[in-house]
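Here the structure comes first, spelled out in structure tokens, and everything after it is commentary.
Numbering (the working numbering), first residue to last: 25 to 280.
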């Protein structure tokens, strides 16, 4: 029995977004929360008149006992990676095509709220890509060797669909010939790589997805993100490692 199967058996129908922590609402960053409510048009009363706990419970972000759940931690906590150190992305750039034990070009542990993790991880990838002149003038800054859209879609998918029951970070590994995004957890239920490439999806974390779809990240919730990535850059491979409980996306860089 895999770790995921054991968790599912023990936790029954509890989905990841509902997983609660022994953490009070004091860890919520009120400004971030209320900025989101305004953007999502969910604020119907002045902030000072709102009971924070009742609000979080109404949004399905807190339990009756007053503890916040995973979705609240990831989106609105002051320091999510302090509550759980695995809520980070470990990003490393290597000089060659294999993992080096003693040498790297760039390295960063990326933590914070989910939007910050997305932005900073995307920034890490883009700064480690080559720029190409293409059809632009000599004085242009150049275009990235792989379109930015590709990594936007793949990172959003990794952050939404990873298995948060598994105590491990997402890893972004930049090699000379490829970029790998390695997520904890294999594809859920009967989902396969072929189905993913055809645009099918199966939400592991529906509460996370519902909040992300409200403009927290560039996510539409239609299962079309992988299709857009493949359309922009077909040189992408997917590996669903059920034994190792990992899902790896490999983006091949263009040959020089």
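Backbone N, C-alpha and C define an ideal beta-carbon position, used for all residues, glycine too.
Predicted model, so just to flag it, every value in this text is computed and none were measured.
DSSP has residue i in a bridge; who is on the other side?
| i | result |
| --- | --- |
| residue 271 | 207 and 264 |
| residue 48 | 91 |
| residue 168 | 155 |
| residue 116 | 131 and 197 |
| residue 276 | 202 |
Residue i lies in the beta strand (DSSP E); which residues open and close that run?
| i | result |
| --- | --- |
| residue 93 | 91-93 |
| residue 234 | No beta strand (DSSP E) holds residue 234; the alpha helix (DSSP H) holding it covers 230-235. |
Report the option in the options whose CA atom is closest to the CA atom of residue i.
| i | options | result |
| --- | --- | --- |
| residue 121 | 204, 218, 231 and 263 | 204 |
| residue 170 | 179, 154, 185 and 177 | 154 |
| residue 258 | 178, 72, 192 and 226 | 178 |
| residue 220 | 236, 260 and 199 | 260 |
| residue 210 | 143, 222, 185 and 231 | 185 |
| residue 172 | 264, 65, 275 and 62 | 275 |
| residue 262 | 243, 218, 117 and 108 | 218 |
| residue 228 | 67, 114, 146 and 208 | 208 |
| residue 49 | 100, 71 and 65 | 100 |
| residue 132 | 63, 196 and 93 | 196 |
| residue 190 | 82, 105 and 111 | 111 |
| residue 63 | 236, 255 and 277 | 236 |
| residue 23 | 224, 77, 118 and 175 | Nothing in the structure corresponds to residue 23, since the chain is present only between 25 and 280. |
| residue 137 | 188, 192 and 98 | 98 |
Exposed or buried, which one is residue i when buried takes at least 16 other CB atoms within 10 Å?
| i | result |
| --- | --- |
| residue 201 | exposed |
| residue 270 | buried |
| residue 181 | buried |
| residue 279 | exposed |
| residue 249 | buried |
| residue 268 | exposed |
| residue 30 | With a pLDDT of only 37 at residue 30, under the threshold of 50, the placement of this residue in the model should not be trusted; the figure read from the coordinates follows. It is exposed - the Cβ of residue 30 has fewer than 16 other Cβ atoms within 10 Å. |
| residue 34 | With a pLDDT of 35 at residue 34, under the threshold of 50, the predicted position of this residue should be treated as unreliable, though the coordinate-derived value follows. Exposed: under 16 other Cβ atoms inside 10 Å. |
| residue 266 | exposed |
Could you spell out the range, first to last residue, of the alpha helix (DSSP H) harbouring residue i?
| i | result |
| --- | --- |
| residue 54 | 54-63 |
| residue 137 | It is not in any alpha helix (DSSP H) - residue 137 carries neither H nor E in the DSSP assignment. |
| residue 76 | 76-82 |
| residue 220 | 217-221 |
| residue 104 | 104-107 |
| residue 255 | 249-256 |
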